[in-house]
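The opening residue of the sequence shown carries number 8 in my numbering; numbering runs sequentially from there. Report on the following structure.
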Amino acid sequence: MARNYHEPDPFRYSLGAFIQAGRSVSYLLQKEQAAFDNFGWYQSWVDEAKKDPVLCWLNDARTDVVHRQALQPHSWLEMRCVGNPRQPVDDEEDGPIGTKDPFMCTHYYMFTGPSTDHTHEFTRLWGIEGLKDRELLEACADAYDRLAQLVQEAHRRLGDRMATFEGMRPYSGEKSARDLPCMQDIMKHRVARTVIRDGKEVWEGEPPGLHDQK
Ligand SMILES: [Zn+2]
Ligand SMILES: [Zn+2]
């Protein structure tokens, strides 16, 4: 999810995959409940989870396909000029040149329009209905931590019968396919900055292979 923050469609698909993976955790647990001597602890977890807005959102997300309409009112993209010679020099900061359609990828804004002599900064925020005011990387990282605790609890209770739990490995040690960043890294993924190299504007630190650009 994090590496696709500036690619709206791949971001939506990976969010859908996250929702699906997140929900499969409790599904798998319920399927395997016979492996536990007592499953009451799981019901307690479910009761607690109902007080957690992020877990409620995950549970209520009816489909694994995230539609634009769900994101649209809660998401934004701001593009800012950095060092534009045609803006007054006494400006502390070069101003935002505006809020853009967040469903166009950042490359689109970099490569359309006239080539520039200055650089830009693109800041995005993805939010979704049902989770108002939460940024999605942060919210999903939160949900992921809670589900990981649930899985660890299951493993602890199963002890050496852990082997029956093929579908649910403890999350430490294994690289998550969801590549959720820790909190401090979130801004890094939300903001893209460009530099001028050989007269061309390029995205500094662009994740490789995001999308083919001519
Ligand atoms: Zn500009
Ligand atoms: Zn792109």
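The C-beta atom is built at its ideal place from N, Cα and C for all residues, glycine as well.
Exercise. For phenylalanine 18 versus leucine 84, is the C-beta spacing smaller than 8 Å?
Worked result: Residue mapping note: residue 18 aligns to position 11 of the sequence shown, counting from 1. Residue mapping note: residue 84 aligns to position 77 of the sequence shown, counting from 1. Against a cut-off of 8 Å, the Cβ pair of leucine 84 and phenylalanine 18 comes out as no contact.
Segment contact flag, the stretch 144-153 with the stretch 54-66, C-beta cutoff 8 Å, min 3 pairs
Touching, per the Cβ criterion.
C-alpha distance - serine 82 paired with alanine 68, whole-angstrom precision:
Here residue 82 corresponds to residue number 75 of the sequence shown, with the count starting at 1. Here residue 68 corresponds to residue number 61 of the sequence shown, with the count starting at 1. Straight-line Cα distance between these residues: approximately 18 Å.
Handout entry: Three-state secondary structure (DSSP) of glutamate 128
Key = Translated into positions along the sequence shown, residue 128 becomes position 121. Strand at glutamate 128.
task = May I ask you to list the residues that DSSP assigns as paired with methionine 86?
result = Against the sequence shown, residue 86 aligns to sequence position 79. Note: methionine 86 sits in a beta bridge opposite Gly105 and Phe129.
Subject >> Cβ pair leucine 144, alanine 9 closer than 8 Å >> reply: Here residue 144 corresponds to residue number 137 of the sequence shown, with the count starting at 1. Here residue 9 corresponds to residue number 2 of the sequence shown, with the count starting at 1. It is a contact, given that the beta carbons lie within the stated cut-off.
Discussion item. Please classify methionine 111 as buried or exposed, where buried requires at least 16 neighbouring CB atoms within 10 angstroms.
Written reply: Locating residue 111 in the sequence shown gives position 104, where the first residue counts as 1. Its Cβ having fewer than 16 others within 10 Å, methionine 111 is exposed.
Are glycine 23 and leucine 154 touching if we call contact CB-CB under 8 Å?
The count along the sequence shown starts at 1 and reaches residue 23 at position 16. The count along the sequence shown starts at 1 and reaches residue 154 at position 147. The answer is no: Cβ separation not under 8 Å.
Short CB-CB distance (under 8 Å) between alanine 161 and chain B
Among the chains in the structure shown there is no chain B, since it carries only a single protein chain.
- request: With distances taken Cα to Cα, identify the nearest neighbour of glycine 134 among Leu78, Thr113 and Ala161.
  value: What you label residue 134 is simply residue 127 of the sequence shown in a count that begins at 1. Here the closest residue by C-alpha is Leu78.
Sub-8 Å separation of histidine 127 and methionine 86 beta-carbons: For the purposes of this step, residue 127 is taken as the residue at position 120 of the sequence shown. For the purposes of this step, residue 86 is taken as the residue at position 79 of the sequence shown. Yes, the Cβ-Cβ distance between histidine 127 and methionine 86 is below 8 Å.
Legend entry - According to DSSP, residues forming a beta bridge with glutamate 208: For the purposes of this step, residue 208 is identified with residue 201 of the sequence shown, where counting begins at 1. Its beta-bridge partners are Ile203.
inquiry  = Check for me: the alpha helix (DSSP H) holding arginine 141 runs from which residue to which?
reply    = The residue given as residue 141 occupies position 134 in the sequence shown. Going by DSSP, arginine 141 is part of no alpha helix (DSSP H) at all; its letter is neither H nor E.
### Message
Quick check on valine 158: does DSSP put it in helix, strand or coil?
### Response
Counted from its first residue, the sequence shown places residue 158 at position 151. If DSSP states are grouped into helix, strand and coil, valine 158 belongs with the helices.
Review point. Using a threshold of 7 Å, is the CB atom of histidine 218 nearer than that to any non-hydrogen atom of ligand 1?
Key: Position 211 of the sequence shown holds residue 218. Because no heavy atom of ligand 1 lies under 7 Å away, the Cβ of histidine 218 does not count as near it: no.
Taking the C-alpha atoms as reference points, what is the distance between tyrosine 12 and arginine 197?
Here the question's residue 12 lines up with position 5 in the sequence shown. Here the question's residue 197 lines up with position 190 in the sequence shown. Taking the straight line from one Cα to the other gives about 6 Å.
If you draw a straight line from the alpha carbon of arginine 7 to that of tryptophan 210, how long is it in whole angstroms? The structure shown does not extend to residue 7, since the chain is modelled only from 8 through 221, so no value can be given for it.
ask   = Between which two residues does the alpha helix (DSSP H) containing phenylalanine 25 stretch?
value = In the sequence shown, the residue the question calls residue 25 occupies position 18. Run containing phenylalanine 25: 15-38, per the alpha helix (DSSP H) assignment.
Within 10 angstroms of its Cβ, does tyrosine 116 collect 16 or more other Cβ (buried), or is it exposed? Mapped onto the sequence shown, residue 116 falls at position 109. By the Cβ-count criterion, tyrosine 116 is buried, with 16 or more other Cβ atoms from all chains shown falling within 10 Å of its own Cβ.
Q) When every heavy atom of ligand 1 is checked, does at least one fall within less than 7 Å of the C-beta of asparagine 91? A) Counting from 1 along the sequence shown, the entry for residue 91 is found at position 84. Yes.
Between the alpha carbons of valine 202 and asparagine 91, how many angstroms are there, rounded? Stepping through the sequence shown from its first residue, residue 202 is reached at position 195. Stepping through the sequence shown from its first residue, residue 91 is reached at position 84. Looking at the two C-alpha atoms, the distance is approximately 12 Å.
Close beta carbons around serine 21, own chain, < 6 Å, minus the five adjacent residues each side: Sequence index remark: in the sequence shown, residue 21 carries index 14 (1-based). Met8 and Asn11.
At the level of alpha carbons, what is the spacing between serine 33 and phenylalanine 118?
For the purposes of this step, residue 33 is taken as residue 26 along the sequence shown, with counting starting at 1. For the purposes of this step, residue 118 is taken as residue 111 along the sequence shown, with counting starting at 1. Answer to the nearest angstrom: the Cα atoms are 44 Å apart.
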